[in-house]
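Written out below as structure tokens is the structure these notes cover.
Numbering (UniProt numbering), first residue to last: 1 to 280.
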């Protein structure tokens with residue numbers, strides 16, 4: 001049976017831990033507590049005298065350290081004979097990495113800022129998540145410190161509220177800070193018109209100020225020249241005819257017969273198959 005499957009009979013499911021390399025601080029804290037409770041911590045540090053019980057204590061300490069490891073970490077330390085060397089190798093391999101992870105989480109917590117218009121509850125939950133994550137990594141962030149982080153993260157959105165909370169004596173608790181920020185968010189949201197009301201007002205405004213577009217004359221037909229796209233009063237041909245003294249209802253179509261009936265001194269008489277005009 002692999003060490004990942006071996007569990008002590010007197011440990012509950014909550015107390016069991018399997019170390020896979022990502023939670024070294026939790027593993028280290030709990031293993032140290034077990035070793036100290038069993039009187040085996042001095043053996044791990046290499047301070048135990050050579051006596052009849054030394055080997056037995058070393059075996060027990062080795063079992064406590066090895067049992068929570070996964071198969072990869074067991075293979076990494078199984079060649080070592082001394083329990084002190086096993087503990088030193090695990091610490092050397094993972095402790096610096098754990099410190100780097102803690103520093104990264106702390107950096108994220110201090111650089112997270114609230115964006116106006118987003119959920120305040122979600123923002124506060126995110127910061128509390130950093131606090132819980134650091135606690136599991138062995139780094140404790142007190143509520144008082146988290147309250148200061150929260151105020152810093154919202155100072156750009158609510159500067160006046162932050163200054164008031166910071167000036168209070170005694171300082172407000174984390175819960176009081178969270179309650180005030182949630183209340184402030186509600187006040188801001190209530191002071192803004194709803195999106196639906198804004199849309200309705202925009203529709204009314206647009207409907208009342210529509211700009212009249214010019215009529216499309218593409219399908220309009222001039223009765224004078226029989227072409228589309230303009231009216232008779234705009235017709236260039238009609239205007240030219242008027243300048244020449246020609247007055248007629250319309251220009252004859254190609255299929256209409258046009259005959260000059262008689263030329264007179266005053267003018268001429270023009271006749272078609274449909275109408276007759278006299279120009280004098």
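Heads up, the beta-carbon is just placed ideally off N, CA and C, and yes, glycines get one too.
Inset, instruction - Enumerate in chain order the residues of its own chain whose CB-to-CB distance from residue 3 is below 7 Å, with the five nearest sequence positions on each side excluded. - result: Position 3 of the chain shown, counting from 1, holds the residue named residue 3. Since pLDDT at residue 3 reaches only 42, below the 50 mark, its modelled position is unreliable, and no value is offered.
Legend entry - Minimum Cβ-Cβ distance from residue 43 to chain C less than 8 Å: No chain C appears in this structure, which consists of one protein chain only.
Inset, instruction - Have a look at 37, 154, 167 and 219 and flag the residue whose alpha-carbon is nearest the alpha-carbon of residue 117. - result: Reading the chain shown from its first residue, position 117 is the one you call residue 117. Of the candidates 37, 154, 167 and 219, the one whose C-alpha sits nearest the C-alpha of residue 117 is 154.
Legend entry - Any 3 or more C-beta pairs closer than 8 Å across the region 111-131 and the region 84-103: no
Legend entry - Inter-residue Cα distance where the pair is residue 79 and residue 85: Sequence index remark: in the chain shown, residue 79 carries index 79 (1-based). Sequence index remark: in the chain shown, residue 85 carries index 85 (1-based). Distance between the alpha carbons of residue 79 and residue 85: 10 Å.
Legend entry - Alpha carbon of residue 101 to alpha carbon of residue 191, nearest angstrom: Residue numbering aside, residue 101 sits at position 101 when the chain shown is read from its first letter. Residue numbering aside, residue 191 sits at position 191 when the chain shown is read from its first letter. Rounded to whole angstroms, residue 101 to residue 191 spans 42 Å at the Cα level.
Legend entry - Length-filtered (4 minimum) alpha helix (DSSP H) runs lying within the region 114-182: 120-136, 143-153 and 159-166
Inset, instruction - Kindly indicate the opening and closing residues of the alpha helix (DSSP H) around residue 25. - result: Here residue 25 refers to the residue found at position 25 of the chain shown. First-last of the alpha helix (DSSP H) with residue 25: 24-37.
Legend entry - Reduced DSSP category for residue 81 - H, G, I as helix; E, B as strand; rest coil: Looking up residue 81 in the chain shown gives position 81. Residue 81 falls in the coil class under three-state DSSP.
Inset, instruction - Starting from residue 44, trace the alpha helix (DSSP H) both ways and give me its first and last residue. - result: On the chain shown, residue 44 is found 44 positions in, with the first residue counted as 1. From DSSP, the alpha helix (DSSP H) with residue 44 extends over 41-45.
Inset, instruction - Kindly indicate which three-state DSSP category residue 227 falls into: helix, strand or coil? - result: Here the question's residue 227 lines up with position 227 in the chain shown. Correct three-state label for residue 227: coil.
Inset, instruction - Using 10 angstroms around the beta-carbon of residue 43, count the other beta-carbons present and answer buried if the total reaches 16, otherwise exposed. - result: Position 43 of the chain shown, counting from 1, holds the residue named residue 43. Buried: at least 16 other Cβ atoms inside 10 Å.
Legend entry - residue 309 burial status per 10 Å Cβ neighbour count (16 or more: buried): The structure shown does not extend to residue 309, since the chain is modelled only from 1 to 280, so the question has no answer here.
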